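**Student:** So the protein sequences, as listed, match chains C and X.
So for the first sequence, my numbering puts the first residue at 65; every next one is plus one.
So for the second sequence, my numbering puts the first residue at 57; every next one is plus one.
Just so you know, even glycine gets a beta-carbon here, dropped at the ideal spot from N, CA and C.
Note that this is a predicted model, so its numbers are computed, not measured.
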Amino acid sequence: DAGITQSPRHKVTETGTPVTLRCHQTENHRYMYWYRQDPGHGLRLIHYSYGVKDTDKGEVSDGYSVSRSKTEDFLLTLESATSSQTSVYFCAISYRELSSYEQYFGPGTRLTVT
Amino acid sequence: AQSVTQPDIHITVSEGASLELRCNYSYGATPYLFWYVQSPGQGLQLLLKYFSGDTLVQGIKGFEAEFKRSQSSFNLRKPSVHWSDAAEYFCAVARYSSASKIIFGSGTRLSIRP
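Given below as structure tokens:
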């Protein structure tokens with residue numbers, strides 16, 4: 065158990081509204097990631113963070129922003145949600161500082177944009 | 057560019073039968089390779105990983121995988137499947153020195169026939 069929680073676990077929102085998803089970890093890992101999972105696409109990286117206030121884009125970052133003001137929290141924001149952002153969102157952490165590149169995942173947030 | 061291909065979208069095997077899930081990757085150097093499993097409604101769990109050394113790696117739940125450089129493959133095997141193995145399986149590849157570059161395949165859904 066990597067001590068990762070995500071909130072909320074489920075959310076339904078309307079097109080055009082802002083949405084923020086939270087990822088919280090308890091083990092002070094430096095690297096954190098946000099993915100989205102859609103049928104037929106596996107997991108695709110949205111944004112990642114390699115430290116407090118240090119973030120970078122992944123392969124599907126358009127329409128998303130992130131913030132990391134504390135080691136333990138990594139926030140994903142949809143500034144103006146669209147139906148194409150209906151998906152399951154997973155947060156992950158990496159033990160990369162231990163020279164170990166595998167990632168450990170949270171339970172996911174199911175987001176529906178109507 | 058890195059890529060991961062899982063050619064089988066859905067596989068059905070009988071309980072007690074052997075299993076092999078295929079994974080091919082495209083990457084110029086020796087990659088870091090992973091298999092993850094996702095049960096319905098759950099997050100992803102790491103089954104096993106390959107970084108270097110012995111090309112046959114053992115994982116949790118009785119799974120193993122073999123790295124074959126000549127075939128750019130990292131197939132997952134289990135000698136005898138159980139009904140609880142029904143899930144979706146993801147192969148993934150990471151590039152040394154890059155925190156962001158874990159690429160996931162699109163997944164193989166495994167069903168178990170009683």
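(1) Residue ranges of each beta strand (DSSP E) run of no fewer than 3 residues wholly in the segment 70 to 120 of chain X, ordered along the chain?
(2) According to DSSP, simplified to helix, strand and coil, what is S148 (chain C)?
(3) Given this structure, state the Cα-to-Cα distance separating E76 (chain X) from F146 (chain X), to the nearest angstrom.
(4) Which word fits E144 (chain X), buried or exposed, when buried means at least 16 other C-beta atoms lie within 10 angstroms of its C-beta?
(5) What is the DSSP secondary structure of Q58 (chain X), counted as helix, strand or coil?
(6) Please state if the CB of V124 (chain C) and the CB of R86 (chain C) are separated by a distance shorter than 8 Å.
(7) For the segment 61 to 70 of chain X against the segment 105 to 120 of chain X, do three or more pairs of beta-carbon atoms, one drawn from each stretch, fall closer than 8 Å, so that the two count as touching?
(8) For A148 (chain X), list the residues DSSP reports as bridge partners.
(9) From D102 (chain C) to P96 (chain X), what distance separates their C-alpha atoms?
(10) Using a Cβ cut-off of 8 Å, pull out every chain C residue sitting near S162 (chain X), in sequence order please.
**Tutor:** Reading it off the structure:
(1) Counting whole runs of 3 or more residues, the segment 70 to 120 of chain X contains the beta strand (DSSP E) stretches 75 to 77, 80 to 82, 88 to 94, 100 to 106, 112 to 114.
(2) Of the three classes helix, strand and coil, the one that applies to S148 (chain C) here is helix, per DSSP.
(3) Per the coordinates, the alpha-carbon of E76 (chain X) lies some 13 Å from the alpha-carbon of F146 (chain X).
(4) Buried is the call here.
(5) Q58 (chain X) falls in the coil class under three-state DSSP.
(6) Contact check for R86 (chain C) against V124 (chain C) fails: the beta carbons are separated by 8 Å or more.
(7) Using a C-beta cut-off of 8 Å, the segment 61 to 70 of chain X makes no contact with the segment 105 to 120 of chain X, since fewer than three inter-stretch Cβ pairs fall below that distance.
(8) According to DSSP, A148 (chain X) bridges with X:F90, X:F160.
(9) Taking the straight line joining both Cα atoms gives about 14 Å.
(10) Residues of chain C passing the Cβ test: G104, H105, G106.
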